[in-house]
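If you're matching them up, the sequences are chains V and U in order.
As numbered in the numbering used here, residues 1 to 141 make up the first sequence, in order.
As numbered in the numbering used here, residues 1 to 141 make up the second sequence, in order.
2 protein chains.
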Amino acid sequence: MTSKTKSLERNRRALNVTGLRITSQRALILEIIRRGHLDADEIYRQAREKQPRLSLSTVYRTLQVLKKLGLVEELHFDDTHHHYEVKPSSDHHHLVCLGCGQVIEFHYPLSRYVKRNVPEAKEFKVIETEVRMTGYCSKCR
Amino acid sequence: MTSKTKSLERNRRALNVTGLRITSQRALILEIIRRGHLDADEIYRQAREKQPRLSLSTVYRTLQVLKKLGLVEELHFDDTHHHYEVKPSSDHHHLVCLGCGQVIEFHYPLSRYVKRNVPEAKEFKVIETEVRMTGYCSKCR
DNA sequence: CTCAGTGCAAAAGCTTTGCATAATA
DNA sequence: TATTATGCAAAGCTTTTGCACTGAG
């Protein structure tokens, strides 16, 4: 089984559990999101290379569905676009370089740490944590 | 000196250092932002109670200027609006309740903690840290 | 065959911009 | 008085929605 078939299979399963219909558009979009942090328009452009008739509305609608299902997470790197990525299982955060624009991911159980140390957070039931640190990477600083 | 005069004086000084012109609109907008986390439209509505002729463009332009000067920080609580607050001196983060919408602030030197513990962050020069945890507050959980 | 999903085009936000007018320094 | 800032209206972007058609189950 090729890696590509495997990935398609994984997407098919992910969609299937939910009772949603498995359309070629959804499988393709999910496939593309796995490539990294992308915004709607980038997903649209990449998807149209495979399916030229795909519409931007479908991209947005699919992203909403996947977000609602918890398969995909919406991020806020900059002011104008949203970015999307497949939802990670653990705390999962980002360093955004103001110089070259690269996004460095890191995993760390920050919500646990915050809950332990911050009085305000003690009685808060945390659902989601997003940490975004901007600055300069080792090359750009 | 009343507290109100003092606050006006503070805004005047804040604007003055920068070489910008002190207009009644800018002073008013800065005054309003000090009240808490507000989005452009809320600022606009509150500002118009005092200056009915103020335009929304002026609000946006002023916010951009203040942001560029580092007097005000732009936040990303939800998908559709930006929120603004006067820039705090130390690490300063937010718990957003999905139930009642309240925003709980907390201070904690998280960037320092991350830099110490996360390998990816070690050689990163951090300029700004934004932590946003969503979930449910003690009343809503 | 049926209903969920799609494409297209149009609308709906929020935010920015051009230009003449008003106000600051 | 010389610019800078404002107000208004119009444009620009991203995102959402209505509707008829298509395709998955």
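Glycine residues also receive a C-beta, built at the ideal position from the N, C-alpha and C atoms.
For clarity, every value in this text was computed on a predicted model and none was experimentally measured.
**Request:** State yes or no: is the beta carbon of V72/U nearer than 9 Å to at least one beta carbon in chain V?
**Result:** no
**Message:** To test your reading of the DSSP string, which unbroken alpha helix (DSSP H) runs of 4 or more residues are found completely within the stretch 21-107 of chain U?
**Reply:** 24-33, 40-50, 56-69
**Request:** Just the chain U side, please: which residues come within less than 7 Å of E120/V by C-beta, in chain order?
**Result:** L95, I104, F106
**Prompt:** Alpha carbon to alpha carbon, how far is T23/U from T62/U?
**Reply:** 10 Å
**Prompt:** In chain V, what lies closer than 8 Å to S138/U by C-beta?
**Reply:** E123, F124
**Request:** Report buried or exposed for H76/V, applying the criterion of at least 16 other Cβ atoms within 10 angstroms of its Cβ.
**Result:** buried
**Interface residues of chain U facing G135/V [CB-CB closer than 8 Å]** = F124, K125, V126, I127, E128
**Request:** Take every Cβ of the stretch 27-45 of chain U, pair it with every Cβ of the stretch 119-129 of chain V, and state whether three or more of those distances are shorter than 8 Å.
**Result:** no
**Asked** Can the beta-carbon of R26/U be found less than 9 Å from the beta-carbon of L66/U?
**Response** yes
**Item:** Inter-residue Cα distance where the pair is K87/V and L95/V
**Value:** 17 Å
**Request:** Please confirm whether C97/V and T134/V have their CB atoms less than 9 Å apart.
**Result:** yes
**Message:** Using only CA atoms, which one of H92/V, F106/V, H82/V lies nearest to E42/V?
**Reply:** H82/V
**Item:** Minimum Cβ-Cβ distance from L110/U to chain V less than 9 Å
**Value:** yes
**Prompt:** For a contact meaning CB atoms closer than 7 Å, what does H76/V contact in chain U?
**Reply:** H76
**Request:** Go ahead and pull the three-state DSSP assignment for R116/V.
**Result:** helix
**Prompt:** How big is the Cα-Cα spacing for Q102/U and Y84/U?
**Reply:** 15 Å
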